[in-house]
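Engineer: Pasting in a structure now, in C-alpha cells, and then I'll have a few things to ask.
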Amino acid sequence: MADTAVKDFDTKRAALVDMGSNGIRLSITDISGPFARLLPTLYTHRVPISLYAAQHPSVSTSSQNTTPDASQPIPQSTITQILTALNHFRVICEDFFVPSSSVRVLATEASRTAPNASDLVRQIQDATGWTVEVLAKEDEGRIGAWGVAWGFERVKGLVMDLGGGSTQMTWVNAKEGDVRMGEGDGRSLPYGAAALMKRLGDGEGSGEGMEKLRGEVVRACKGAFEEIGVPSEALKEAERVGGLDLYLSGGGFRGWGYVLMSEHPVQPYPIPIINGFTVPHERFRDTEKLQAAVKASQQNKMDDIFRVSERRASQVPAVAFLIQCLTEALPMKIKDVIFGQGGVREGALFENLGKETRALDPLAVAGEGRAVDWEAESDILRAAIPSSTPVPPTITLSPPHIPEIFTPELLGCIVPSKTGFADLDGTKETTASVALRLTTSGAMAKVLPLRHNQRAAIALALCARYGGPESLPPEDRRFLHRLQALAEPEISWWCNYIGAVAALISHLHPVGFKDGQKRRINLRAEWVGGKDKKNADANEGNMRWILRLRVNFENEMWREAGAKALGGLEKVGKRKNWIGGREGVGWKIKLEVG
Numbered sequence: 001m002a003d004t005a006v007k008d009f010d011t012k013r014a015a016l017v018d019m020g021s022n023g024i025r026l027s028i029t030d031i032s033g034p035f036a037r038l039l040p041t042l043y044t045h046r047v048p049i050s051l052y053a054a055q056h057p058s059v060s061t062s063s064q065n066t067t068p069d070a071s072q073p074i075p076q077s078t079i080t081q082i083l084t085a086l087n088h089f090r091v092i093c094e095d096f097f098v099p100s101s102s103v104r105v106l107a108t109e110a111s112r113t114a115p116n117a118s119d120l121v122r123q124i125q126d127a128t129g130w131t132v133e134v135l136a137k138e139d140e141g142r143i144g145a146w147g148v149a150w151g152f153e154r155v156k157g158l159v160m161d162l163g164g165g166s167t168q169m170t171w172v173n174a175k176e177g178d179v180r181m182g183e184g185d186g187r188s189l190p191y192g193a194a195a196l197m198k199r200l201g202d203g204e205g206s207g208e209g210m211e212k213l214r215g216e217v218v219r220a221c222k223g224a225f226e227e228i229g230v231p232s233e234a235l236k237e238a239e240r241v242g243g244l245d246l247y248l249s250g251g252g253f254r255g256w257g258y259v260l261m262s263e264h265p266v267q268p269y270p271i272p273i274i275n276g277f278t279v280p281h282e283r284f285r286d287t288e289k290l291q292a293a294v295k296a297s298q299q300n301k302m303d304d305i306f307r308v309s310e311r312r313a314s315q316v317p318a319v320a321f322l323i324q325c326l327t328e329a330l331p332m333k334i335k336d337v338i339f340g341q342g343g344v345r346e347g348a349l350f351e352n353l354g355k356e357t358r359a360l361d362p363l364a365v366a367g368e369g370r371a372v373d374w375e376a377e378s379d380i381l382r383a384a385i386p387s388s389t390p391v392p393p394t395i396t397l398s399p400p401h402i403p404e405i406f407t408p409e410l411l412g413c414i415v416p417s418k419t420g421f422a423d424l425d426g427t428k429e430t431t432a433s434v435a436l437r438l439t440t441s442g443a444m445a446k447v448l449p450l451r452h453n454q455r456a457a458i459a460l461a462l463c464a465r466y467g468g469p470e471s472l473p474p475e476d477r478r479f480l481h482r483l484q485a486l487a488e489p490e491i492s493w494w495c496n497y498i499g500a501v502a503a504l505i506s507h508l509h510p511v512g513f514k515d516g517q518k519r520r521i522n523l524r525a526e527w528v529g530g531k532d533k534k535n536a537d538a539n540e541g542n543m544r545w546i547l548r549l550r551v552n553f554e555n556e557m558w559r560e561a562g563a564k565a566l567g568g569l570e571k572v573g574k575r576k577n578w579i580g581g582r583e584g585v586g587w588k589i590k591l592e593v594g
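Here the sequence shown stands for residues 1 to 594, numbered as in full-length UniProt numbering.
Structure below.
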C-alpha cells in the first residue's frame, strides 16, 4: 500500500532546488491536473546562503581598485551549510512522498563560475544522491524567460532578470502554451545587483571611474539587445503602439518594483503582490526620486518600505545605475514596465508542463470547479454586456467602448455560484468585505499569474455582487476607493454593473447550472440613443447613450425572486451612483422586464 502511495505521487509532485547567487530556494509543487498551470506550492523555504558573497568576502573601498577582483573558492564551511540544508530538504521531500527522481537541483551563475564549482557539485551529489544541473548562461536565460511567461496569460516584449551576479536579457513572445524567444536566444551580462554594487564600491562609483563603468554597461546592453534578435515585425509594432513592453523579474528588479509601489499615486497601494504590477516607463526610470524614497525609509525605521530588506535597500544605487544605463542603451522607447514573480523555479516547472496545461488562461483555472457549469452562467453575464452596434444603427457616434479586460475568463471568476467561494459564506456584515479582498489576501491571492488590473476588476465586481459600498465598514470603503483609483473610473463603473448582474443571476441560480437545466432568466443588452441636455455627447447634439437591458424570466415566480436584485441593478445607472458622482463616469440603465 505504501509503495502504491509513493508511486501515485511520482508525477504529481515536483521538488526543486534553486541555487541562486543570493540564496538557495527550496520548493515542492503540485503539478497535477489543470491547477498545475498555477504551480501551487506545497512547501517553500529560502536558505539565506549567498554564494556570491561567499566568493567575494570583502569589498575593497580603495579608489585605486577599478576592476572587479577574482572570485575566491566557496569556503568549506559554506559548503557544509549547504549540505545540511539540502539533507534537511531531502527528509522534507520524503514527508511529502516526493521520490528522488522527481527532485531537480539547478545551479546558476554563482555556482557555475566558482573556482571550486566541480567540488561543490561532487559534494552535493555524494551527500544527497541528487544530480546537480549546472545551467549554462543560455539555459539560465531560457528558464528565466519561461518563468516570466508562467506569470501571465500573454507575454510579448523584452524580458530581463536581475540576479546577484548577472543580468539576463531575452526577447519573449509567449501565447497559447508556446514560448518563443528571439533568433539569438538570451544573453547573460555580468551586471547583477551585488556585482554592480561591488564595482561601484571599488572605486567605480564616482568621477571618471563611474563614467567608464557606465560606458561599459551601456555598450554591453546595446550589444545584448542587438544579439537577442528581436523580430523586425515586433519592432515595427512597437513603433506603432508607442514602445516595447519590458518584463522584469529577479530579486533586484522586484525590490525596485516594491519601491515604485511605495511611491505610486494611489496610496497606500492596495495590492501587495508584485506579479502583474505595471508602471509607465517614465515613472520606472525616475531613479533620483526612488533612491530618495529608500534613503528616507532607512533614516526613519518606522517607515520601512514593504518587502525591501536592508540588503535590497543597499543595492538600490546599483539597480538605479543599471536602469540608467539600460534606458540609454535601448534603441527605442519602452512603453510599460511589468514586474513578474516567476524565476528559475517557475520557469523550470512551467517549461515541463504539457502544452495543453500551459495554454490554460490562469483566470479560467482559478474558476475551475467553483460552479456546476460556470460557462453557462458566464454566457448569461456576457449577454448583459452590449455590443458596439447601436440601436438604431443610423446613429453615427460610436457607442461607449467596453474595456477589453472583461474577458469570458474574468467573468467566469465573478459568476460562479455562491457555494463555490467558501470564503464568501460569512455573515452579512463581512461578506462584501471578504469579496473585496478575495484577490489580494483571500482565496485568489494565491493565484499569482494575474495582472493588477485583473485583480482590481474581479475584487470590485465581486464586492458589487455581494452588496457594494453600502455593505462595507469604513476601512474597507477606503480600500475600495483605492482599488477604483487603480482600475480607473470606466472599468470601475462596469465592475459595479457586472457585479449587480451577477447578483441577479445568483438569485435565480444560486448553485449554478446543472446539465440540461432550463434557464430561469435570459438577458440581452444594447446601446440606444436618448436625449439629455445636461449630458450631451459631441457630434450628436444633446444625445447620450443609454444601456437598455432586456430581462426575461421563465415565469412570475422567478420574476418576484429577482425583484430586489433588479432594483440594485437599476441603482448602478443613477447619476448619484456613478464613479465620481453626478458629473463622473457612468451610463443610465433602462430595464425592460418580461
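Even for Gly, the Cβ is constructed at its ideal location relative to N, Cα and C.
Would you kindly check if the distance between the Cβ of A459 and the Cβ of residue 595 is under 8 Å?
Structural biologist: Here the chain covers residues 1 to 594 and nothing more, so residue 595 does not appear.
Engineer: If we call anything under 8 Å between Cβ atoms a contact, is A145 one with V179?
Structural biologist: Cβ atoms of A145 and V179: closer than 8 Å.
Engineer: Helix, strand or coil: how does DSSP classify R180 here?
Structural biologist: Residue state, collapsed to three classes: strand.
Engineer: Along the chain, where does the beta strand (DSSP E) containing D161 start, and where does it finish?
Structural biologist: First-last of the beta strand (DSSP E) with D161: V155 to L162.
Engineer: Around the Cβ of P449, are there at least 16 other Cβ atoms within 10 angstroms (buried) or fewer (exposed)?
Structural biologist: Answer is buried; the Cβ neighbour count reaches 16.
Engineer: If you run the structure through DSSP and keep just helix, strand and coil, what is E488?
Structural biologist: The answer is coil: DSSP assigns E488 none of H, G, I, E or B.
Engineer: So the candidates are T430, G581, I589 and E204; which of them puts its Cα closest to the Cα of I498?
Structural biologist: Here the closest residue by C-alpha is I589.
Engineer: Report buried or exposed for F306, applying the criterion of at least 16 other Cβ atoms within 10 angstroms of its Cβ.
Structural biologist: F306 comes out exposed.
Engineer: Applying the criterion that 16 or more other CB atoms from any shown protein chain within 10 Å of the CB defines a buried residue, is Q315 buried or exposed?
Structural biologist: Answer is buried; the Cβ neighbour count reaches 16.
Engineer: So the beta strand (DSSP E) S188 belongs to, where does it begin and stop?
Structural biologist: R187 to L189 is the span of the beta strand (DSSP E), which, as asked, contains S188.
Engineer: For P489 versus G584, is the C-beta distance shorter than 8 Å?
Structural biologist: For P489 and G584, yes; Cβs fall inside 8 Å.
Engineer: Go to residue 634, then tell me how far its beta strand (DSSP E) extends in each direction, as first and last residue.
Structural biologist: With the chain covering 1 to 594 only, the question about residue 634 has no answer from this structure.
Engineer: Kindly list the residues whose CB is nearer than 8 Å to the CB of E356, restricted to its own chain and excluding five residues on each side of it in sequence; keep chain order.
Structural biologist: Closer than 8 Å at Cβ, skipping near neighbours: G177.
Engineer: Cα separation between A15 and E233?
Structural biologist: Distance between the alpha carbons of A15 and E233 is about 39 Å.
Engineer: Should the segment 319-338 be regarded as contacting the segment 234-245, the criterion being three or more beta carbon pairs within less than 8 Å?
Structural biologist: Yes, the segment 319-338 is in contact with the segment 234-245.
Engineer: For S62, count neighbouring C-beta atoms within 10 Å of its own C-beta (all shown protein chains included) and say buried if the count is 16 or more, exposed if not.
Structural biologist: Below a pLDDT of 50, predicted positions are generally treated as unreliable, and S62, at 36, falls in that range; the measurement from the model is reported next regardless. Result: exposed.
Engineer: Applying the 10 Å Cβ sphere with the 16-neighbour rule, what's the burial state of G516?
Structural biologist: The residue in question, G516, is exposed, as its Cβ has fewer than 16 Cβ neighbours within 10 Å.
Engineer: Should A187 go down as buried or exposed, given a rule of 16 or more other Cβ atoms within 10 Å for buried?
Structural biologist: The sequence as given places Arg at residue 187; Ala does not occur at that position. Classification of R187: buried, given that the 10 Å Cβ count is 16 or more.
Engineer: Give the secondary structure of A384 by DSSP, where H, G and I count as helix, E and B as strand, and everything else as coil.
Structural biologist: In the structure shown, A384 sits in coil (DSSP, three-state: anything other than H, G, I, E or B).
Engineer: Measuring CB to CB, does I143 end up less than 8 Å from V344?
Structural biologist: It is a contact, given that the beta carbons lie within the stated cut-off.
Engineer: From R455 to L508, what does the alpha carbon distance come to, in whole angstroms?
Structural biologist: One C-alpha to the other measures close to 27 Å.
Engineer: In this structure, how does DSSP classify E583 when only helix, strand and coil are distinguished?
Structural biologist: Coil.
Engineer: Can you list, in chain order, the residues of its chain with a C-beta nearer than 6 Å to that of A107? Leave out the 5 residues immediately preceding and following it.
Structural biologist: Here the set comprises M19, V132 and V134.
Engineer: How is R575 classed by DSSP in three states: helix, strand or coil?
Structural biologist: Three-state DSSP puts R575 in a helix.
Engineer: Give me the residue from L591, T170, N555 and E216 with the minimum Cα distance to A565.
Structural biologist: Comparing Cα-Cα distances from A565 to each of L591, T170, N555 and E216, the minimum goes to L591.
Engineer: What are the residues that DSSP puts in a beta bridge with Q168?
Structural biologist: Answer by DSSP bridge pairing, in chain order: D161 and S188.
Engineer: Going by beta carbon distance, what residues of the same chain come within less than 6 Å of T327, once the five residues before and after it are set aside?
Structural biologist: Same-chain partners within the cutoff: R285.
Engineer: Is the Cβ-Cβ distance between V415 and L381 less than 8 Å?
Structural biologist: Going by C-beta atoms, V415 is nearer than 8 Å to L381.
Engineer: From the DSSP output, which residues share a beta bridge with F553?
Structural biologist: Its beta-bridge partners are I521.
Engineer: To the nearest whole angstrom, what separates the beta carbons of residue 611 and L547, a pair I think is in contact under 8 Å?
Structural biologist: For residue 611 there is no data in the structure shown, the boundaries of the chain being 1 and 594.
Engineer: Buried or exposed: where does T67 fall if 16 or more other Cβ atoms within 10 Å of its Cβ makes it buried?
Structural biologist: Because T67 sits at a pLDDT of 44, beneath the cut-off of 50, its placement in the model cannot be relied upon, and the point is left open.
Engineer: Output needed for S60: all residues of its chain with C-beta closer than 6 Å, excluding positions within five of it in sequence on either side, in chain order.
Structural biologist: Because the pLDDT at S60 is just 35, under 50, the model does not fix this residue reliably, and the value given afterwards should be weighed accordingly. Result list for S60: D202, in chain order.
Engineer: Just to confirm my understanding: we take residue 598, look at its own chain, exclude 5 residues before and 5 after, and list those with CB closer than 6 Å. What are they?
Structural biologist: The chain is shown from 1 up to 594; residue 598 falls before or after that span and cannot be answered.
Engineer: Might you give, ordered along the chain, the residues of its own chain that have their beta carbon closer than 6 Å to the beta carbon of V279, omitting 5 neighbours on each side?
Structural biologist: Excluding sequence neighbours, V279 sits near L260 and V337.
Engineer: In terms of alpha-carbon separation, which member of K301, N275 and V266 lies closest to G255?
Structural biologist: For the residues K301, N275 and V266, the minimum Cα distance to G255 belongs to N275.
Engineer: Starting from V17, trace the beta strand (DSSP E) both ways and give me its first and last residue.
Structural biologist: Start and end: R13 to M19.
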